[in-house]
Amino acid sequence: MAFEPSAGAATARMGMLAGRAFEGVASVLRFAIVVAGTFLGLLAITFFIGRVVPIDPVLSVVGDRATQEVYEAARQAMGLDRPLIVQFFSYVGDVLTGDLGMSISTGRPVVDDLARVFPATLEMATIGIIIGVVLGVPMGVVAATHQGSWIDQVIRVLGLLGYSVPAFWLGLVGLAVFYAGLGWVAGPGRVDIFYDGLLDPVTGLYLIDSVIAGEWDIFWNALDHLMLPASILGFFSLAYIARMTRSFMLDQLGQEYVTTARVKGVSERRVIWRHAFYPIRIQLITVIGLSYAALLEGSVMIETVFSWPGIGNYLTTALLTADMNAVLGATLVIGAVFIMINKISDVLYRILDPRARR
Amino acid sequence: MIDWLLDDSPASRLQANMGRAWRVWTALLRNPLAVVGALIVLVLVVMAIFAPLIAPYSPVGQDLANRLMPPSAEHWMGTDELGRDIYSRVVYGARITLLIVTMVAVIAAPIGLVVGAVSGYFGGWVDRVLMGVTDIFLSMPKLILALAFVAALGPGIENAIIAIAITAWPVYARIARAETITFRDSEFISAVRLQGASATRVILRHVLPLCASSTIVRVTLDMAGIILTAAGLGFLGLGAQPPLPEWGAMISRGRNFILDQWWVATMPGFAIILVSLGFCFLGDGLRDVLDPKQGEKQ
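The listed protein sequences derive, respectively, from chains F and Z. So that you can map any letter, position 323 of the first sequence is 329 in our numbering, and since no number is skipped, the others follow by simple counting. So that you can map any letter, position 24 of the second sequence is 74 in our numbering, and since no number is skipped, the others follow by simple counting.
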């Protein structure tokens with residue numbers, strides 16, 4: 007008799023654990039379905055753009071200078087005589103097996119082209135987000151703790167400019183001022199022309215490849231070329247990150263526990279960094295994830311201005327030559343990376359925030 | 051007059067609407083940044099309407115003897131590589147910018163509102179399907195999507211407008227859905243429904259008008275982004291085609307002269323920044339007045 011309650015509690019606990027495990031599995035499954043659905047949606051959109059919008063999808067793939075045989079072959083290969091839904095599933099199958107078609111301007115498979123140009127974009131966007139985080143977060147914190155001070159005003163202005171300055175225009179002005187005018191940085195391209203092609207592409211990231219090869223000249227040269235475009239990208243993420251950090255910090259600083267900590271005699275620095283900043287790290291991860299994804303998008307414009315051989319430049323070149331396979335491939339890759347970064351920061355948020363974990 | 055506007059018990063619908071508009075207007079006037087924003091937008095509209103009167107030269111008239119002249123008393127913003135007056139081109143460019151933002155708002159906002167209101171009003175599987183599509187569009191990078199659409203449709207100003215509108219509507223669908231859900235089950239909707247109003251009538255006459263204020267705020271705030279996207283498309287040669295004086299395309303032409311004749315590329319950029327800032331200021335001001343809850347969240 008005496009055991010009964012505890013046995014009951016044990017079963018209850020077992021049940022609860024099983025329930026929680028089930029909930030965990032269910033939420034992972036639900037998440038996987040949402041992610042898969044979003045990717046399928048992305049594929050549906052690129053399929054729609056490639057096959058439904060153009061008047062003659064074959065022409066948009068082979069170009070208008072193709073011979074009759076090439077045209078017929080492409081028409082056969084694309085299976086345009088089949089129903090749209092069948093075409094869609096064969097398109098999904100192609101993409102899943104890594105077949106994005108051939109590019110008419112480079113004459114190579116789009117997948118190979120994209121793999122070759124992606125590291126350049128990744129390198130620039132990563133340095134950009136590092137600049138944005140390293141400068142933006144502390145600026146946001148200072149703006150929140152010194153409301154109305156000059157740094158607060160600077161962040162207001164930067165935030166507004168981040169919304170209203172065209173990235174390509176800022177790139178041009180940056181080139182005119184810092185490259186042509188002051189000579190502080192190197193010009194367009196990833197390295198000077200005589201360093202071009204000297205590096206073995208291990209990672210495709212010049213900063214890392216040059217260190218691996220021990221070529222410090224190339225490292226400094228690549229950094230010189232990278233600084234300006236990455237700073238301009240960094241400016242846009244700085245503007246956003248600083249503004250969000252400021253508003254998160256103001257939320258926390260207005261809470262009673264902060265007042266309690268101050269009344270207790272905790273030093274101001276500790277109140278700010280230990281008490282108020284600690285809980286906002288999680289929100290910041292989402293913000294940083296979002297702006298990292300936005301940087302990949304923003305690099306399209308910047309790359310055009312700086313002749314940066316990345317995915318953005320590849321996309322715009324393809325746009326101007328009406329190279330549809332390349333356009334759709336690049337759109338797909340940027341879209342997929344964008345969605346992935348968003349979902350990953352979503353998951354991190356859920357794991358780190360105990361309130362969202364339930 | 052003002053007493054009539056501020057009457058607490060308006061006698062007619064007109065008086066109530068006018069009174070409300072007057073209150074919004076006076077509240078806006080108390081916010082200096084909003085006034086600055088409204089003035090900038092007003093200048094844009096005036097420039098667009100009276101461009102032939104304001105611009106000292108023709109926007110397409112070439113004068114090869116005076117090509118690439120620096121800013122001077124005769125040519126306030128200098129001349130471009132064909133000797134065209136850049137100030138006149140910027141003034142005429144206001145027409146294109148205004149056309150693009152108005153058309154995008156006119157196309158995207160109603161689509162988004164209807165999708166959102168239908169989704170929120172009916173709920174169930176309709177809601178799930180419509181919001182699924184909306185969320186897919188929302189999770190896509192906007193600029194890239196617009197670029198891909200223009201690539202398929204072909205370059206040109208109409209296609210640029212369509213492409214931007216396609217990427218802009220999902221936000222309004224989200225807003226309209228959220229608003230609709232809050233008053234879907236309220237008594238005045240039930241009363242209308244009991245009088246025999248069809249779902250179409252309820253949505254069009256009673257649900258959508260209530261989404262108007264938050265949508266106006268959002269559209270104004272989105273204008274800066276729309277202007278930047280349109281200018282980006284123009285810069286890449288996919289938007290308005292030459293010789294149209296579109297600001298982004300003008301920057302693109304000035305690219306080749308950026309090192310020596312800086313004014314060709316920079317002047318249209320200042321116009322873009324100023325107009326985008328104007329819409330930001332106005333949108334912030336409108337949000338504080340029309341949608342105070344949103345303001346607190348920011």
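For each residue, glycine too, the CB sits at the ideal point set by N, CA and C. All values derive from a computational prediction rather than experimental measurement.
- Here the C-alpha atom of proline 235(F) lies approximately 20 Å from the C-alpha atom of aspartate 223(F).
- For leucine 336(Z), the enclosing alpha helix (DSSP H) stretches over residues 313-340.
- Unbroken alpha helix (DSSP H) stretches of 4 residues or longer found wholly inside the region 197-254 of chain Z: 207-233, 237-244, given in chain order.
- Not one beta carbon of chain F lies nearer than 7 Å to the beta carbon of isoleucine 150(Z).
- DSSP places aspartate 135(Z) within a strand segment (E or B) once states are collapsed to three.
- Looking at the DSSP output, methionine 108(F) shares a beta bridge with Pro115(F).
- According to the DSSP secondary-structure assignment, threonine 209(F) is paired through a beta bridge with no residue.
- Within 8 Å of the CB of isoleucine 340(F), the CB atoms of chain Z belong to Pro191, Ile194, in sequence order along the chain.
- Taking a contact to require three or more Cβ pairs closer than 8 Å, the region 267-287 of chain F and the region 71-91 of chain F do not qualify as touching.
- For phenylalanine 199(Z), the neighbours in chain F by C-beta distance under 8 Å run, in chain order, Ile55, Val59.
- Rounded to the nearest angstrom, the gap between the Cα atoms of proline 106(Z) and glycine 328(Z) is 24 Å.
- Counting the other Cβ atoms within 10 Å of the Cβ of glutamine 245(Z) gives fewer than 16, which makes it exposed.
- Uninterrupted alpha helix (DSSP H) stretches at least 4 residues long and entirely within the region 114-174 of chain Z occur at 136-172, given in chain order.
- Classified as buried, tryptophan 175(F) has 16 or more neighbouring CB atoms from the shown chains inside 10 Å of its CB.
- In terms of beta-carbon proximity, phenylalanine 285(Z) lines the interface with chain F, with at least one pair separated by less than 7 Å.
- The closest CA to that of lysine 349(F), considering only Phe37(F), Thr310(F), Arg81(F), Trp190(F), is found on Phe37(F).
- If you compare the alpha carbons of Arg145(Z), Leu180(Z), Pro120(Z) with that of isoleucine 104(Z), the shortest gap goes to Arg145(Z).
- When the Cα atoms are used, glycine 69(F) and glutamate 29(F) turn out to be separated by approximately 52 Å.
- Proximity to aspartate 119(F) across Met130(F), Glu129(F), Leu128(F), Leu106(F) peaks at Leu106(F), based on C-alpha coordinates.
- Those residues of the region 160-177 of chain F placed with their C-beta closer than 7 Å to a C-beta in chain Z are Leu166, Tyr169, Ser170, Val171, Pro172, Phe174, Trp175, ordered along the chain.
- With 16 or more neighbouring CB atoms inside 10 Å of its own CB, lysine 192(Z) falls in the buried class.
- At a beta-carbon threshold of 9 Å, the residues of chain F lying near alanine 315(Z) are Trp175, Leu178, Val179, Ala182, ordered along the chain.
- Just so you know, the alpha carbons of tryptophan 313(Z) and serine 108(Z) end up roughly 19 Å apart.
- The C-beta distance from aspartate 215(F) to leucine 205(F) rounds to 5 Å, short enough to meet the 8 Å contact threshold.
- Chain F places no beta carbon closer than 7 Å to that of leucine 132(Z), leaving this residue out of the contacts.
- In the structure shown, glutamine 82(F) falls within a helical segment according to DSSP collapsed to helix, strand and coil.
- Your pair isoleucine 340(F) and glutamate 303(F) checks out as a contact, with CB atoms roughly 7 Å apart and the cut at 8 Å.
- Its chain contains Ile288 as the residues whose beta carbon lies nearer than 6 Å to that of leucine 358(F), once the 5 sequence neighbours on both sides are disregarded; these appear in chain order.
- In this structure valine 34(F) is exposed. Its beta-carbon is surrounded by fewer than 16 other beta-carbon atoms within 10 angstroms.
- The Cβ atoms of alanine 321(Z) and valine 86(Z) do not sit closer than 7 Å to each other.
- For isoleucine 231(Z), the closest of Val257(Z), Pro102(Z), Thr265(Z), Ala281(Z) by C-alpha to C-alpha distance is Val257(Z).
- At a C-beta separation below 8 Å, methionine 84(F) has no neighbours in chain Z, since its nearest C-beta there lies roughly 15 Å away.
- Using a Cβ-Cβ cut-off of 7 Å, glycine 271(F) does not count as an interface residue toward chain Z, since no Cβ of chain Z sits closer than that to its own.
- When secondary structure is reduced to three states using DSSP, serine 302(Z) falls in the helix class.
- Boundaries of the alpha helix (DSSP H) harbouring serine 263(Z): 258-285, taken from the DSSP string.
- His231(F) is the residue among Phe45(F), His231(F), Gly165(F) whose C-alpha sits nearest the C-alpha of isoleucine 133(F).
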